[in-house]
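The structure appears right after this line, and notes come after that.
Number of protein chains: 2
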Amino acid sequence: MLRPPHLVARYSTIAPTIRDIFHKSAPINSDITCCGHIKSIRNFKKLTFLDVSDGSSAQSLNVIMENSGENKPENAHLVGQSVEVKGQWVESRGTQANEVRVVRGNPNHSVTVLGTVPENYPIQKKNSTLQFLRGLPTLRHRTSTLASIVRFRSGIELSLAKFFEENRCVKVSPPILTSSDCEGAGKVFIVESANKSNGKFFEKPAFLTVSAQLHLEVLASSLNRVWCLSPCFRAEDSHTNRHLCEFWMLEAELSYVTEIAQLTDFVENMIRSVIVEARGSSSNGGLLQDLLQSRYSEEDRQKVTSRWDSLASIEKWPSVTYNETIKIINEHKNKASEPLLWGDDISTEHEKWLAGTHFKSPVFVTDYPKAQKPFYMPNSNPAIFDSERPNVACFDLIIPEIGELVGGSLRECNLDNLVVEMKSRGMNPDTMEWYLSTRENGSTPHGGFGLGFERLIAYLSGIDNIKDVSAFPRAPGICPC
Amino acid sequence: MLRPPHLVARYSTIAPTIRDIFHKSAPINSDITCCGHIKSIRNFKKLTFLDVSDGSSAQSLNVIMENSGENKPENAHLVGQSVEVKGQWVESRGTQANEVRVVRGNPNHSVTVLGTVPENYPIQKKNSTLQFLRGLPTLRHRTSTLASIVRFRSGIELSLAKFFEENRCVKVSPPILTSSDCEGAGKVFIVESANKSNGKFFEKPAFLTVSAQLHLEVLASSLNRVWCLSPCFRAEDSHTNRHLCEFWMLEAELSYVTEIAQLTDFVENMIRSVIVEARGSSSNGGLLQDLLQSRYSEEDRQKVTSRWDSLASIEKWPSVTYNETIKIINEHKNKASEPLLWGDDISTEHEKWLAGTHFKSPVFVTDYPKAQKPFYMPNSNPAIFDSERPNVACFDLIIPEIGELVGGSLRECNLDNLVVEMKSRGMNPDTMEWYLSTRENGSTPHGGFGLGFERLIAYLSGIDNIKDVSAFPRAPGICPC
């Protein structure tokens, strides 16, 4: 007997979530218990209507309390109070199929205030701006919109985990603390024991990781395909709506990959899989539906819907090389201004134009100039490689309205090429001996990519500021708790 | 059309994993391609036998190369080389159902070395000790045992994610960087921008989190039930086989929980669910089976099997209070020595005896003395509370051979009680204003727990040293890459 029956019985003594109350509907006219916070109150002479929400679902529960002639019940009279409601699960005459009726005089029925609120409780029914809510880090997730973002993020993460499992990618936990500082000291955080008597705790300087890639490459060389969703850190003094100092990055490394198209197809498949699952109503409770139900304005809902439609409807996301992209921009966008030259950066403005206006689709841009990219990318395939203007085998996924969402590449698997490239960039290969050793011990062709998880969530949920999809966002000067 | 057919076709150009080759068996006598590292080589006059493994499965592929009279093939002659094999998928005369035959003279058949190894390649067929392998951080996951641990950990994580989804717990990402240092400065890491010209990057000192609990409580107060699996950090100078400076902690907070038994039942259910799923062979590829297949010694396999049997077979895990536990230890274990007094710590040795010898089962110990526990735990329920010897509403899950695996409690939800308790411990409530504010704004009864994820994986996989279940373990003086 693997799962004793007592567990089901005892564990179910926790009050059900409101999501469960709607999904696993109790028999009509039976008594139920539910808990949550009061979202709104309407008082009438004989009845008081409460909206009760617990953040488990976009739906709130309509509770009808029978009054005894007075206008207000003694309890449960302030928005924000947490309550336990015992009442009858009845058919509704309102917009929802069911509601809870608290019958005055029924000894089994009650509305009990579990925790009250001050008169100036700041989360009211009226639609506060997301900017205002950022000043309320401990209360802002009481709003429908921000609660729905957290649920959405949770659902998307599970959906991605299933995609990777189906594709035989092993989830790994690369280190957060690392002694490799390959992206330059100006943008990393350094870590020390607060107890200085420990001296150098790790005997050498330790940093917070900026990317798990190098460690993932090591693990992919043993496990074939690996992925992770891990916190990464950048000590950048950026105050934009798309940067965080602490963010979660989804990274994957796949062995035996030899062409960029294998990676871009994998990425397209991954994002499409997530979208297909989130649109479905059964398998994961309808993530998209839950998201849309939590928005107040039709304009917001429209923005989300059109993004999802554009991701899903196009037969295949186009893929163009950097060289082709320069040409396209010069021919169609830059006619009046100075043309871009080979080697120039493609600006975020140009990226948004390329995806949003020109292709009207997510687009892969591949084979960027070597000088724009890190040391570990191999030359582009011989059919397009030009030693005068060397490009490397990499890609960015560019999304309308946002710009870069995913970046990836093949990884140079030849030791000598790697060492030459590092030296030409003034890097000391000795400090990366551990990484380079994989190229001497049964090196395999491989490639991978990284995706800023908050950016994906912000894009899919139609949120402009990445700080609103992070539960406790960290940015310069912002670490209040 | 949501998922264009080109994706299936193009994406599948990545060589299949060996796990896929076994699971989605190709038609007999068809040609297949597979990639991996050579695990062993046996040369005979006419045939060479290779074992090829890619870390995707406990199974390695048997490859039979036909030689042309010489003993050795020109290529593929060293253990550790990575190879691409093109050959025929045939029925086997050996222990496996199928094998790959590389027919000499067939122009479509070949064994190509993708990356060679030095003569002293350290991962050989012979069973290296885990301690020896710890000195090879970039190669140790080439071994069957350690690769299987990573796959196992990945599978258990997915299984847990499904359990929490079914139980309406929202996965959240609490912050890693925090300005709350509630566990004392001696054991935390402090974080600064490596670029000192930034000054205090966050305007106040920032630390690496030691536990997500306080932030989870905040989120649970909005989302009802939340959980996370996040890195935590302790700057402890511990060199034991059960401590890491960087580890992943599974934490959950559930609202509207009022009894310890609701939490202990939840935890028991969670662990049993994972065990049931991992034993199954279909839903997730047989995690336990994969684990056992990767062990060399019958003794190792026996150890794992007996642990799993003991977890699953007992009808209900017992639950005893701290006061009862002291009595049990004094009556049955401590007869000859000094008796334990109320208020004494229960040592790890006593914990192991309690679970392993006395109950022969995992056991919950509840209601520890207040002085042994943090400030946020409420008094035990009135039926057992004694103001002379105050206990608090908490529990530890004690596991045979290991000791504590999970710790949890109800959380004090009354503001005044919390403030009194903090002051009595010399804590300054002003520094925790953000946390305390949840008790003023619709406070809810709630409780939760934390589980050291590496400890769970180590226990379930029968591994003694926690450093062997962490891909890149971090400990004092150990941060090599």
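Heads up: the protein sequence lines correspond to chains A and B, in order.
Reminder that position 335 of the first sequence reads as 325 in our numbering, one-by-one numbering, no gaps.
Reminder that position 10 of the second sequence reads as 0 in our numbering, one-by-one numbering, no gaps.
By construction, the Cβ of each residue, glycine as well, lies at the ideal position given by its N, Cα and C atoms.
The model shown is predicted, which means the values in this text are computed figures rather than measured ones.
Between residue 430(A) and chain B, the shortest Cβ-Cβ separation is below 9 Å. Residues of the stretch 145 to 161 of chain B whose Cβ lies closer than 7 Å to any Cβ of chain A, in chain order: 147, 148, 151, 155, 158, 160, 161.
For residue 106(B), at least one C-beta of chain A is nearer than 9 Å to its own C-beta. The stretch 64 to 75 of chain A makes no contact with the stretch 154 to 172 of chain A; the number of CB pairs closer than 8 Å stays below 3. At a C-beta separation below 8 Å, residue 98(B) has no neighbours in chain A, since its nearest C-beta there lies roughly 18 Å away. Of the residues 367(A), 326(A), 457(A), 98(A), the one whose Cα lies closest to the Cα of residue 121(A) is 457(A). Of all alpha-carbon atoms in 232(A), 391(A), 145(A), 306(A), the one lying nearest the alpha-carbon of residue 256(A) is that of 306(A). Of the candidates 232(A), 469(A), 292(A), 435(A), 435(A) places its Cα closest to the Cα of residue 72(B). For residue 194(B), the chain A residues whose C-beta falls within less than 8 Å of its own C-beta are 469, listed in chain order.
Measuring C-alpha to C-alpha distances from residue 31(A) to each of 112(A), 249(A), 52(A) identifies 52(A) as the nearest. In this model, residue 40(A) and residue 29(A) are separated by some 7 Å (Cα to Cα).
Separation of the CB atoms of residue 130(A) and residue 177(A) is rounded to 29 Å, and the pair is thereby denied contact status at 8 Å. Rounded to whole angstroms, the Cβ separation of residue 393(B) and residue 341(B) is 4 Å, and the two are in contact under 8 Å. Counting the other CB atoms within 10 Å of its CB gives residue 79(B) a total of 16 or more, which places it among the buried residues.
Of all residues in the stretch 201 to 219 of chain B, those with a C-beta nearer than 7 Å to a C-beta of chain A are 205, 208, 209, 212, 213, 214, 215, reading in chain order. Under the Cβ distance rule, residue 439(A) does not count among the residues neighbouring chain B, no pair being separated by less than 9 Å.
Here the alpha carbons of residue 77(A) and residue 294(B) stand approximately 49 Å from one another.
Minimum Cα-Cα distance from residue 135(B) among the listed residues 145(B), 123(B), 146(B) corresponds to 123(B). Neighbourhood of residue 10(A) in chain B, by CB distance below 7 Å: 158, in chain order.
Note: residue 203(A) is not bridge-paired with any residue in the DSSP secondary-structure output.
In the structure shown, residue 104(A) falls within a strand segment according to DSSP collapsed to helix, strand and coil. Contact between the stretch 242 to 256 of chain A and the stretch 426 to 440 of chain A is present, with at least three C-beta pairs closer than 8 Å. Shortest Cα-Cα distance from residue 44(B) to any of 371(A), 455(A), 311(A), 215(A) involves 215(A). Linking residue 383(B) to residue 400(B) through their CA atoms gives a straight-line distance of about 6 Å.
Listed in chain order, the non-local C-beta contacts of residue 258(B) below 6 Å within the same chain comprise 307, local neighbours out to five positions each way being set aside.
Looking at the backbone, the Cα of residue 97(B) and that of residue 413(A) are separated by about 41 Å. Scanning its chain for C-beta atoms nearer than 7 Å, with the 5 sequence neighbours on each side dropped, one finds around residue 446(A) the residues 395, in chain order. With a threshold of 9 Å between beta carbons, residue 449(B) makes no contact with chain A. Residue 117(B) and residue 286(B) have their alpha carbons spaced roughly 8 Å apart.
DSSP, read as helix, strand or coil, puts residue 257(B) in helix.
With contacts defined as CB atoms closer than 9 Å, residue 146(B) and residue 450(B) qualify as a contacting pair. The C-beta of residue 27(B) has 16 or more other C-beta atoms within 10 Å across all chains shown, which makes the residue buried. DSSP places residue 29(A) in the uninterrupted beta strand (DSSP E) bounded by 21 to 33. For the stretch 330 to 343 of chain A, the set of residues with a beta-carbon nearer than 8 Å to any beta-carbon of chain B is empty.
As computed with DSSP, residue 78(B) is found in a beta bridge with 21(B), 91(B). Spatial neighbours of residue 12(B) in its own chain (CB-CB distance under 6 Å, excluding positions within 5 residues in sequence) are listed in chain order as 49.
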